[in-house]
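Q:
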Amino acid sequence: IVRAIEEGRNVFRKIQRIISWMLPTNGGQGMIVVVAFVLGISMPMLPLHILWINTVTSGLLGMMLVFEPMEKGLLKLRPTRGELVNSRLVFRIAYVSILSVLIAYVLYFETGKMSSAVNGIIAVSIWYLLTPHIEKSFFEVGFRNRYAVLGILATLAIQLCVTNYSSLLLLEPMNADEWLKTLGMASVVFIAVEIEKLAFKLRHKFTS
32 IVRAIEEGRN VFRKIQRIIS WMLPTNGGQG MIVVVAFVLG ISMPMLPLHI LWINTVTSGL
92 LGMMLVFEPM EKGLLKLRPT RGELVNSRLV FRIAYVSILS VLIAYVLYFE TGKMSSAVNG
152 IIAVSIWYLL TPHIEKSFFE VGFRNRYAVL GILATLAIQL CVTNYSSLLL LEPMNADEWL
212 KTLGMASVVF IAVEIEKLAF KLRHKFTS
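The opening position of the sequence shown corresponds to residue 32 in this note's numbering, with each subsequent residue numbered one higher.
1. In the DSSP assignment, find the unbroken alpha helix (DSSP H) run with K228 in it and report its ends.
2. So, are the CB atoms of E225 and F169 less than 9 Å apart?
3. Can you list, in chain order, the residues of its chain whose CB lies under 7 Å from that of S128, leaving out five sequence neighbours each side?
4. Can you list the beta strand (DSSP E) stretches of 3 or more residues lying completely in the region 102 to 173, in chain order?
5. How about H164 and R48: are their beta carbons less than 9 Å apart?
6. Taking Cβ to Cβ, would you say M76 is nearer than 9 Å to A148?
7. Just to confirm the assignment, what range does the alpha helix (DSSP H) spanning I26 have?
8. Indicate the three-state DSSP secondary structure (helix, strand or coil) for L202 in the structure shown.
9. Under 8 Å Cβ to Cβ from M94, same chain only, skipping five residues before and after it: list those, please.
10. Need the endpoints of the alpha helix (DSSP H) that I46 sits in, please.
11. Taking DSSP as the reference, what is the three-state secondary structure of S89?
12. Taking only the alpha-carbon atoms, compute the straight-line gap between L184 and I152 and give it to the nearest angstrom.
13. Taking the alpha carbon of I124 as the point to measure from, which residue in V172, A223, R177 and T88 has its own alpha carbon closest?
14. What did DSSP end up calling M95 once you bin it into helix, strand or coil?
15. What does the alpha-carbon distance come out to for the pair I46 and V121?
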């Protein structure tokens, strides 16, 4: 019975992580369209690019969360009310989506290339995948999902090929500086999520 409860909590937490990862990445792309329409500015990517981003990130990144190792101490956690999406998760989804939009537009206007915005959104998905736990920091648990590492490497290799060596997706080639700027800008999401986790932990410590 104890093992069944632990496995049930493990499945529940994995579903939460997948939702937490997928909704901001998809939400950010939707918000890009809305922002362009409302403000009357150019979209930093084409509908073709949005379709491609969803295909690559869902297949090579999102699915890797299924292989995330079981958390330690699951039985010590307080029982939940069965909410897959709680208020904290809604907050996380909202601000990661907003950051994704800002990063895409900043990269687009700085470089003048849609490829920077497209790869920026994919880089955001990669950085966000590095910190999948809802409460625990990357620096507490590390990164133990070797399948996710393979997914990340495959994604980066594919993006390098379709951006610099193919005209299939109508992406402009990017030089080394632009690639570094794109990856660096996207890392803001990782930093923001880690700060949010620390803030919630401190708040809980001083209010409990």
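In this text, a Cβ means the ideal position worked out from N, Cα and C, and glycines have one as well. None of these values were measured; they are calculated from a predicted model.
A: This is what the structure gives:
1. A207 to T238
2. yes
3. P55, G58, G59 and M62
4. Unbroken beta strand (DSSP E) runs of no fewer than 3 residues, entirely contained in the region 102 to 173, are not found.
5. yes
6. yes
7. Within the shown structure, residues of the chain are numbered from 32 to 239, placing residue 26 beyond reach of any answer.
8. coil
9. G182
10. V33 to L70
11. helix
12. 16 Å
13. It is A223.
14. In the three-state reduction of the DSSP assignment, M95 falls in the helix class, which pools H, G and I.
15. 15 Å
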